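J.: Can you keep this structure in mind? I'll have questions shortly.
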Amino acid sequence: MVGYTPNNQTEEFKKYNLWLFVSDTSNKNHFKFFEFHSGEGIYRLENGESYEGSSFLVLNTIQKRTESYEAHLNEKDKERKKKLSEVIKNVFENVEINSEWQKSFKKYLRAADENSFFFIDPTYIRDYRGAQGIIKKLPKLLRTKAKIALYVPETISFPAHKQVISTIEKLIEFHNKDFVHLKNFENDTRGFLKRTDHLYFVYKK
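Per the numbering used here, the sequence shown runs over residues 20 to 224.
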């Protein structure tokens, strides 16, 4: 398993492409943002600098580009959720922060429409698997009109990584969605790993 490391090349790859997608697809009248694994929002680096995570990137972008927006963030770690709440609510409005996305998933599905964007960005590959994993819930989300970004982190378990990627692509194609698949070939999170991170942007044909 590989943990989250802010401000590395892998993270910059993800954030840059996320910014491009949100900038290009956000509705100027109203935008709904759903994030399943939000982290701390802002990270304090060892050199004393601050690093803004994906939540801040998306919220900053839609705040500038849309007349109104709402955001639904999730972070199951209590300490990270506390930090997230402190930094987000000082800067943004109309943001709901919950602990576990699974508990709110049915509500999210009812709200999902063509003006919605779901960002699914787990730290570990295991979050995609299991009875409450992302893969189990993905078919229902793919049946909505929402746009989706799926980030699949690197892992030392090649079979698990390959299976998750294969399943995601089969589900996207089965639901007749267009998608862009990006791979970061210059992953420097852990030099000894041969696996790399994958990023999918899914939208309606």
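Even glycine gets a Cβ: it sits at the ideal position worked out from N, Cα and C. This one's a predicted model, so the numbers in the text were calculated from it and none came from an experiment.
Put residue 225 into one of helix, strand or coil per three-state DSSP.
T.: Residue 225 falls outside the range modelled here, since the chain spans only 20 to 224, and no answer is possible.
J.: Spell out a yes or no on whether the segment 80-97 and the segment 163-173 are touching, meaning 3 or more CB-CB pairs, one atom from each, closer than 8 Å.
T.: The segment 80-97, when compared against the segment 163-173, does not touch it at the 8 Å Cβ threshold.
J.: Hey, quick one: how far does the alpha helix (DSSP H) through residue 144 stretch, first residue to last?
T.: The residue you call residue 144 lines up with position 125 of the sequence shown. Segment: none, residue 144 is in no alpha helix (DSSP H) and carries neither H nor E.
J.: Taking only runs that begin and end inside the segment 94-142, name each unbroken beta strand (DSSP E) of 3 or more residues, in chain order.
T.: Counting only runs of 3 or more, we get 114-117, 135-139.
J.: What did DSSP end up calling residue 192 once you bin it into helix, strand or coil?
T.: Your numbering for residue 192 matches position 173 in the sequence shown. Residue 192 falls in the helix class under three-state DSSP.
J.: If you compare alpha carbons, which of 100, 190, 28, 202 is closest to residue 61?
T.: Here the question's residue 61 lines up with position 42 in the sequence shown. When each option's Cα is compared against that of residue 61, the closest is 100.
J.: Does DSSP classify residue 179 as helix, strand or coil?
T.: Your numbering for residue 179 matches position 160 in the sequence shown. Helix, per DSSP.
J.: Do residue 199 and residue 136 have their beta-carbon atoms positioned less than 8 Å apart in this structure?
T.: By 1-based counting over the sequence shown, the position of residue 136 is 117. By 1-based counting over the sequence shown, the position of residue 199 is 180. The answer is no: Cβ separation not under 8 Å.
J.: Can you say whether residue 72 is buried or exposed, counting buried as having 16 or more other CB atoms within 10 angstroms of its CB?
T.: As a position in the sequence shown, residue 72 is number 53, starting the count at 1. Buried.
J.: Taking C-beta to C-beta, are residue 186 and residue 154 nearer than 8 Å?
T.: Locating residue 186 in the sequence shown gives position 167, counting from the first residue. Locating residue 154 in the sequence shown gives position 135, counting from the first residue. Cβ atoms of residue 186 and residue 154: closer than 8 Å.
J.: Could you check the C-alpha separation between residue 183 and residue 79 for me, to the nearest Å?
T.: Residue numbering aside, residue 183 sits at position 164 when the sequence shown is read from its first letter. Residue numbering aside, residue 79 sits at position 60 when the sequence shown is read from its first letter. Those two C-alpha atoms are separated by around 31 Å.
J.: Drop a sphere of 10 angstroms on the beta-carbon of residue 189, count the other beta-carbons inside from all chains shown, and report buried for 16 or more, exposed for fewer.
T.: By one-based count along the sequence shown, residue 189 stands at place 170. Exposed, because fewer than 16 other Cβ atoms sit within 10 Å of the Cβ of residue 189.
J.: Taking residue 76 and residue 38 to be in contact with their CB atoms under 8 Å, please state how far apart those CB atoms are, rounded to whole angstroms.
T.: One-based indexing of the sequence shown puts residue 76 at position 57. One-based indexing of the sequence shown puts residue 38 at position 19. So it is a contact: roughly 6 Å between Cβ atoms.
J.: With a threshold of 8 Å on Cβ separation, who are the neighbours of residue 164 within its own chain once the five nearest residues in sequence on each side are excluded?
T.: Indexing the sequence shown from 1 puts residue 164 at position 145. Counting only Cβ-Cβ distances below 8 Å, and skipping sequence neighbours, we find 131, 132, 133, 135, 223.
J.: Do residue 139 and residue 52 have their beta-carbon atoms positioned less than 8 Å apart in this structure?
T.: Indexing the sequence shown from 1 puts residue 52 at position 33. Indexing the sequence shown from 1 puts residue 139 at position 120. Contact flag unset, no.
J.: For residue 59 and residue 45, I'd like the C-alpha separation in whole angstroms.
T.: Position 40 of the sequence shown, counting from 1, holds the residue named residue 59. Position 26 of the sequence shown, counting from 1, holds the residue named residue 45. Near 24 Å, if we compare the C-alpha coordinates of residue 45 and residue 59.
J.: Taking the beta strand (DSSP E) that residue 51 belongs to, which residues open and close that run?
T.: Position 32 of the sequence shown, counting from 1, holds the residue named residue 51. 49-54 is the span of the beta strand (DSSP E), which, as asked, contains residue 51.
J.: For residue 47, which residues in the same chain have their Cβ closer than 8 Å to its Cβ, ignoring the five residues on either side in sequence?
T.: Here residue 47 is taken as the residue at index 28 of the sequence shown, counted from 1. Contacts found: 84, 85, 86.
J.: What residue does the beta strand (DSSP E) around residue 218 start on, and which one ends it?
T.: Your numbering for residue 218 matches position 199 in the sequence shown. Element bounds for residue 218: 217-223.
J.: Report the rounded CA-to-CA distance for residue 108 versus residue 93, giving the unit in angstroms.
T.: Position 89 of the sequence shown, counted from the start, is the residue given in the question as residue 108. Position 74 of the sequence shown, counted from the start, is the residue given in the question as residue 93. One C-alpha to the other measures close to 14 Å.
J.: Am I right that residue 124 and residue 156 are in contact with their C-beta atoms under 8 Å? What's the rounded C-beta distance?
T.: One-based indexing of the sequence shown puts residue 124 at position 105. One-based indexing of the sequence shown puts residue 156 at position 137. Right, the Cβ-Cβ distance comes to about 6 Å (below 8 Å), so this counts as a contact.
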